[in-house]
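If you count the sequence shown from 1, you need to add 1 to reach the working numbering. Backbone N, C-alpha and C fix where the C-beta goes; we use that ideal spot for every residue, glycine too.
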Amino acid sequence: MLIIRLQRVGRVHEPSFRIVLTDSKFGPKSGKSVEVLGSYDARKGKGTNHVDAEKVKYWISKGAKLSETVNNFFIDQKVITGKKINVLPKNKIINAKKAKDAEEAAKAPKPAPVVEAPVTEVPKA
Numbered sequence: 002m003l004i005i006r007l008q009r010v011g012r013v014h015e016p017s018f019r020i021v022l023t024d025s026k027f028g029p030k031s032g033k034s035v036e037v038l039g040s041y042d043a044r045k046g047k048g049t050n051h052v053d054a055e056k057v058k059y060w061i062s063k064g065a066k067l068s069e070t071v072n073n074f075f076i077d078q079k080v081i082t083g084k085k086i087n088v089l090p091k092n093k094i095i096n097a098k099k100a101k102d103a104e105e106a107a108k109a110p111k112p113a114p115v116v117e118a119p120v121t122e123v124p125k126a
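As structure tokens, then:
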């Protein structure tokens with residue numbers, strides 16, 4: 002399956018990326034891309050990015066999938082329309098703690114219900 006993703010080409014502490022069409026089996030660092038579709042310079046902002054929108058639309062029509070980050074980038078550049086995808090990592094520590102607390106609460110023995118005995122009056126002597 003073909004995928005459109007970012008391939009980092011910048012120097013250390015100077016991130017810049019190529020937008021490439023590649024087979025999903027190959028990693029982004031392999032360099033085995035089918036076609037270069039554009040570039041993205043993370044340090045310079047929106048004005049300096051170049052994307053060949055016609056090629057992108059062509060490959061999407063042929064069945065190429067987009068990575069989540071590239072999908073959001075294309076929506077910003079108005080190459081495609083749609084909603085952005087949340088690409089931030091889920092906080093597993095908090096979720097794990099909530100799950101552990103819920104599990105412990107389920108395992109904890111439940112206190113027996115308190116049954117009050119009827120009060121009988123003690124005769125006075």
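Buried versus exposed call for residue i [16 or more other C-beta atoms within 10 Å across all chains shown]
i	result
Ile86	exposed
Arg44	exposed
Ala103	exposed
Ala106	exposed
Ala65	buried
Three-state secondary structure (DSSP) of residue i
i	result
Ser68	coil
Phe27	coil
Val80	coil
Val57	helix
Test item: CB-CB of residue i and residue j under 7 Å
i	j	result
Ile4	Ser25	yes
Val21	Val37	yes
Thr74	Ile81	In the sequence under discussion, the amino acid at residue 74 is Phe, which differs from the Thr named in the question. Contact flag unset, no.
Anticipated Cβ contact below 8 Å, residue i with residue j, distance rounded
i	j	result
Asp53	Gly39	6 Å
Ser17	Tyr41	7 Å
Leu138	Val71	A query on residue 138 cannot be resolved here, the shown segment of the chain reaching from 2 to 126 and no further.
Thr23	Val35	6 Å
Identified DSSP bridge partners for residue i
i	result
Arg12	Glu15
Ile102	The sequence given here has Asp at residue 102, not Ile. Answer is none; Asp102 lacks a bridge partner.
Leu22	Ile5, Glu36
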